[in-house]
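FYI, the numbering for the sequence shown is -16 to -1, 1 to 201, going by mature numbering (1 follows the signal peptide of the UniProt record, and there is no 0). Just below is one structure, and these are the notes that go with it.
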Amino acid sequence: MKLKFTILFTALIAVAAVGCKQKETTAKGTATSKDLTIPDSVLVDVRTAREYVNNYAAHAGFVDPTEEEERERKPKKPDTRCVWFSKERLQQMLDKLEKEDGDGVRFYMSTYNKKYDTTLVGRKTLIPEKKYWGYNTLLMVSTKPVKTDNGILHFDYYENIVNEEDAVHKNEKSKKPGFIVTFVPENRGELCPPPATCATVGATLIDLPQKSDASHK
């Protein structure tokens, strides 16, 4: 599980970092193909990538069925196996990290609530589409380097203050230092599953089980 996510997250950061590097070097007029090469240390071949992704299937598990699904004995639904973020969202995060001297992004594996109170005023924008309730997702949190006796820690950094040097932000609430980001459905779903077939949204490395394999026993 850790290995699969390490590869996924490393790839995301590498892609984002390449985009940032490209922007920087283009502005200086010195961009070269060598500057934009992803290091071999983060690359894997397609066969290995598919194996790692599908190794995670047993760890991903299934989404808890609703009461209606229990009564109707519907097949279990495989949980989320991948998440997509736009390059614009990644670039926004990189720009904010650069401005605030952040050192990276921490990825939290998380799960949406099984139920939401849709009548709460002011929270409707925080409620995902119902088809995602109970599914796994990712939270991306900004980090800053903090010196400790054990070396440099990559400390979660959003609206809280992580060390004395960040105290200048205390009275700048409008700037909201750092970030906690999750995916937001735009023109199509960015988690998979759902839908039942990930290839339909462009995710090519996931082989989902047949319905007979995911049914109640």
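Glycine included, C-beta positions come from ideal geometry on N, C-alpha and C.
According to the DSSP secondary-structure assignment, Pro177 is paired through a beta bridge with no residue. When only Cα atoms are considered, Ser70 and Arg55 end up about 39 Å apart. One Cα belongs to Val168, the other to Val89, and the distance between them is close to 18 Å. Looking at Thr102, Pro177 and Val185, the one whose alpha-carbon comes closest to that of Thr121 is Pro177. In the DSSP assignment, Val26 falls outside any alpha helix (DSSP H) and carries neither an H nor an E. Distance check between Asp79 and each of Phe163, Ile22 and Pro129 places Phe163 closest, using alpha-carbon atoms only.
Taken through DSSP and simplified to helix, strand or coil, Tyr100 comes out as coil. If you draw a straight line from the Cα of Asp63 to the Cα of Arg34, it comes to about 17 Å. Look at Asp63 here: in three-state DSSP terms it is coil, with no helix or strand label. Across the set Thr50, Ala41 and Arg31, the C-alpha of Thr50 shows the shortest separation from the C-alpha of Lys99. Closest by C-alpha distance to Leu192, out of Asp101, Phe46 and Leu137, is Phe46.
Taking 8 Å as the upper bound for CB-CB distance, Tyr119 and Tyr96 are in contact here, some 6 Å apart.
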